[in-house]
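Chains as they are written, first to last, in my numbering: chain A, 18 to 329; chain B, 18 to 329. Backbone N, C-alpha and C fix where the C-beta goes; we use that ideal spot for every residue, glycine too. The next block holds one structure in the form of structure tokens; read it before the comments.
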């Protein structure tokens with residue numbers, strides 16, 4: 018996508034809280050613009066556009082259809098409840114729109130083979146009554162994604178839920194945990210919950226070093242990414258300390274992380290639109306792997322915590 | 018124990034590497050003194066005493082018996098391999114010696130009901146060929162102890178090993194993991210290994226706050242205890258950061274942590290010796306609970322990862 022190409026025009030389906038954050042990111046990203054928003058309530062959509070930095074010429078629709086049928090819309094962001102993801106993703110795809118989907122892709126991967134680009138948003142906040150996966154599809158999605166990242170996106174061979182999840186009265190998962198294992202001796206566990214105070218920790222341990230991140234979904238500070246690493250640490254004489262000590266690192270971002278996500282997405286869309294590039298499958302493959310692991314954990318929960326094999 | 022009471026006289030069984038650290042702690046603790054060391058090799062014992070700060074009048078024995086039969090020895094520190102713990106702990110107890118045992122107490126709790134005081138040391142470093150529990154009884158002991166601490170020493174109701182452990186050729190556990198669950202919805206998982214680079218992390222999450230410690234066994238710096246806490250954190254507007262942010266805390270210690278352990282142990286011994294106090298059961302109860310959980314994890318491993326009920 019050339020530097021001087023027009024920005025990618027976004028349409029947003031619905032006025033979810035998370036859409037406010039992504040709208041801000043679309044405004045901040047140098048290669049995108051807010052172009053349309055649709056809600057079942059025209060009034061809601063109008064207020065959303067007015068309070069979220071939409072330019073004066075932006076389109077406001079009293080339906081989702083209005084957005085996906087607008088020929089000027091390049092890409093659609095879908096922050097709808099999970100149970101509606103696939104339906105609207107498919108409809109938007111049929112209209113040749115590029116898709117930025119909120120996680121999880123779907124309630125299960127059989128319905129989630131979306132032909133176009135799929136990225137994931139990065140803000141918890143789900144309506145449990147519309148999403149049986151609950152915490153597993155929300156905070157659990159981040160856990161699984163982070164684990165896949167740490168394993169270089171190699172799918173684990175099996176997933177086992179660790180104990181009976183905590184459910185709400187409607188049967189939605191509020192907290193659960195699972196163990197993943199690979200062909201070699203790599204293992205991972207994660208715990209995801211709507212019930213704990215804000216916590217988002219990754220610890221990765223290898224034979225030669227380790228990594229710790231404590232705010233990997235939403236950073237403590239918007240433009241700072243902090244992490245701690247240790248490399249070939251050992252005990253000092255008499256085991257009275259470490260050498261070398263772990264190092265604390267801070268990476269400063271000029272733009273918030275979700276702006277980078279939107280920018281990357283728009284770069285891919287622009288490559289297709291202006292350079293006739295073929296769609297890259299990097300992100301859809303990662304999303305599909307994430308969903309496969311989530312599915313396996315859900316199956317393990319449903320099958321009394323039995324290990325479930327994961328096939329790519 | 019009065020301020021002017023004579024120091025508690027320690028005898029040490031064997032010259033394990035870990036005994037060097039505890040010898041240093043006994044020297045640094047204001048209420049203890051190094052009094053005797055025994056090894057199957059008199060030469061080894063002599064060299065150990067000379068290079069580890071034993072006073073000139075200290076006794077050196079060419080056997081373990083010499084130490085436990087010395088009437089001037091108040092307390093015996095037992096850093097022998099796990100398979101020898103119970104045998105020498107019982108022999109020392111029969112001689113009315115107070116006991117400071119290296120973890121784990123025993124290969125299983127049926128052999129570990131030691132009648133006197135039991136504390137645990139705090140340094141990894143085990144000879145796998147003499148200890149079938151391997152990483153589970155060593156680094157896993159710390160994990161379980163930390164988890165019990167975080168649960169106010171309430172025993173979990175069950176333990177489930179998470180996957181097949183990694184073994185060495187002699188069948189010793191080199192790495193394993195387990196999940197623990199309580200009557201309420203509390204859950205914990207731990208991973209212990211001899212194969213990873215130095216890593217010792219606790220993350221505790223509650224409904225209202227969280228705690229993180231990354232060097233809970235041996236601190237990065239000997240006289241610093243660092244931890245991070247968050248309390249009632251939430252997202253700031255548009256989920257672009259946390260408020261309040263987690264706080265990083267450093268607690269400075271005048272004495273290294275193992276000196277505090279030795280000092281507390283000697284305080285208890287002194288109370289019995291000089292004040293006719295009854296033995297406190299705080300530490301033996303905690304050690305026994307730790308061993309019960311370790312036992313349950315081992316049983317789960319041996320029974321194909323089945324959940325194992327824990328009874329106090």
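What are the start and end residues of the alpha helix (DSSP H) that includes residue i?
{"i": "residue 161(A)", "result": "156-167"}
{"i": "residue 82(B)", "result": "81-86"}
{"i": "residue 291(B)", "result": "274-292"}
{"i": "residue 242(B)", "result": "Segment 241-248 is the beta strand (DSSP E) holding residue 242(B); no alpha helix (DSSP H) there."}
{"i": "residue 43(A)", "result": "34-45"}
{"i": "residue 58(A)", "result": "It is not in any alpha helix (DSSP H) - residue 58(A) carries neither H nor E in the DSSP assignment."}
{"i": "residue 107(A)", "result": "99-111"}
{"i": "residue 310(B)", "result": "299-319"}
Please work out which residues of its chain come closer than 8 Å, Cβ to Cβ, to residue i, disregarding the five sequence neighbours upstream and downstream, and give them in chain order.
{"i": "residue 241(B)", "result": "267, 268, 269, 270"}
{"i": "residue 246(B)", "result": "226, 227, 228, 229, 263, 264, 266"}
{"i": "residue 260(A)", "result": "250, 251, 252, 253"}
Tell me the rounded alpha-carbon separation between residue i and residue j.
{"i": "residue 66(A)", "j": "residue 176(B)", "result": "52 Å"}
{"i": "residue 199(A)", "j": "residue 174(A)", "result": "5 Å"}
{"i": "residue 181(B)", "j": "residue 322(A)", "result": "16 Å"}
{"i": "residue 57(A)", "j": "residue 305(A)", "result": "29 Å"}
{"i": "residue 110(B)", "j": "residue 262(A)", "result": "41 Å"}
{"i": "residue 135(B)", "j": "residue 229(B)", "result": "The predicted model places residue 135(B) with a pLDDT of 34, which falls under 50 and marks its position as unreliable; any figure quoted below should be read in that light. Distance between the alpha carbons of residue 135(B) and residue 229(B) is about 28 Å."}
{"i": "residue 127(B)", "j": "residue 319(B)", "result": "Below a pLDDT of 50, predicted positions are generally treated as unreliable, and residue 127(B), at 46, falls in that range; the measurement from the model is reported next regardless. Roughly 17 Å between the two C-alpha positions."}
{"i": "residue 150(B)", "j": "residue 258(B)", "result": "44 Å"}
{"i": "residue 326(B)", "j": "residue 26(A)", "result": "58 Å"}
{"i": "residue 86(B)", "j": "residue 94(B)", "result": "14 Å"}
{"i": "residue 303(A)", "j": "residue 162(A)", "result": "8 Å"}
{"i": "residue 78(A)", "j": "residue 278(A)", "result": "26 Å"}
{"i": "residue 70(B)", "j": "residue 236(B)", "result": "23 Å"}
{"i": "residue 92(A)", "j": "residue 253(B)", "result": "28 Å"}
{"i": "residue 24(A)", "j": "residue 190(A)", "result": "40 Å"}
{"i": "residue 170(A)", "j": "residue 169(B)", "result": "38 Å"}
{"i": "residue 239(A)", "j": "residue 248(B)", "result": "19 Å"}
{"i": "residue 309(B)", "j": "residue 280(A)", "result": "54 Å"}
{"i": "residue 300(A)", "j": "residue 273(A)", "result": "20 Å"}
{"i": "residue 311(B)", "j": "residue 324(B)", "result": "13 Å"}
{"i": "residue 185(B)", "j": "residue 98(B)", "result": "17 Å"}
{"i": "residue 73(B)", "j": "residue 204(A)", "result": "52 Å"}
Would you kindly check if the distance between the Cβ of residue j and the Cβ of residue i is under 7 Å?
{"i": "residue 31(B)", "j": "residue 84(B)", "result": "no"}
{"i": "residue 165(B)", "j": "residue 329(B)", "result": "no"}
{"i": "residue 233(A)", "j": "residue 219(A)", "result": "yes"}
{"i": "residue 38(A)", "j": "residue 256(B)", "result": "yes"}
{"i": "residue 49(B)", "j": "residue 202(A)", "result": "no"}
{"i": "residue 152(B)", "j": "residue 210(B)", "result": "yes"}
{"i": "residue 317(B)", "j": "residue 192(B)", "result": "no"}
{"i": "residue 187(B)", "j": "residue 221(B)", "result": "no"}
{"i": "residue 282(A)", "j": "residue 117(A)", "result": "yes"}
{"i": "residue 22(A)", "j": "residue 287(A)", "result": "yes"}
Spatial neighbours of residue i within its chain, please: CB distance less than 6 Å, with the 5 preceding and 5 following residues excluded, ordered by chain position.
{"i": "residue 206(A)", "result": "196"}
{"i": "residue 33(A)", "result": "96"}
{"i": "residue 80(A)", "result": "55"}
{"i": "residue 60(B)", "result": "none"}
{"i": "residue 112(A)", "result": "85"}
{"i": "residue 36(A)", "result": "29, 96"}
{"i": "residue 313(B)", "result": "176, 325, 327"}
At which residues does the beta strand (DSSP E) containing residue i begin and terminate?
{"i": "residue 26(A)", "result": "25-30"}
{"i": "residue 265(A)", "result": "264-269"}
{"i": "residue 231(B)", "result": "Unbroken run through residue 231(B): none, as it is neither H nor E."}
{"i": "residue 116(A)", "result": "115-118"}
{"i": "residue 207(B)", "result": "204-210"}
{"i": "residue 191(A)", "result": "190-198"}
{"i": "residue 220(A)", "result": "219-222"}
{"i": "residue 178(B)", "result": "175-178"}
{"i": "residue 76(B)", "result": "76-78"}
Sorted by chain position, which residues of the same chain lie with C-beta nearer than 7 Å to residue i's C-beta, five sequence neighbours on each side aside?
{"i": "residue 132(B)", "result": "Note that residue 132(B) scores 29 on pLDDT, short of 50, meaning its location in the model is unreliable; the coordinates nonetheless yield the value given after this. Here the set comprises 110."}
{"i": "residue 244(B)", "result": "228, 229, 230, 266"}
{"i": "residue 52(A)", "result": "26, 27, 28, 75, 76, 89, 90"}
{"i": "residue 307(A)", "result": "158, 161, 162, 165"}
{"i": "residue 297(A)", "result": "285"}
{"i": "residue 353(A)", "result": "Given a span of 18 to 329 for chain A in the structure shown, any question on residue 353(A) remains unanswerable."}
{"i": "residue 315(A)", "result": "150, 153"}
### Message
Taking 8 Å as the cut-off, does the stretch 209-219 of chain A touch the stretch 210-229 of chain B (at least 3 CB pairs, one atom from each stretch)?
### Response
yes
### Query
How about the stretch 156-169 of chain A and the stretch 287-297 of chain A: do they share at least three Cβ pairs that are nearer than 8 Å?
no
### Message
Does the stretch 98-108 of chain B come into contact with the stretch 37-51 of chain B, if we say contact requires no fewer than three beta-carbon pairs (one atom in each stretch) closer than 8 Å?
### Response
no
### Selection of the stretch 232-253 of chain A by Cβ proximity to chain D, strictly under 8 Å
Among the chains of the structure shown, chain D does not appear; the protein chains present are A and B.
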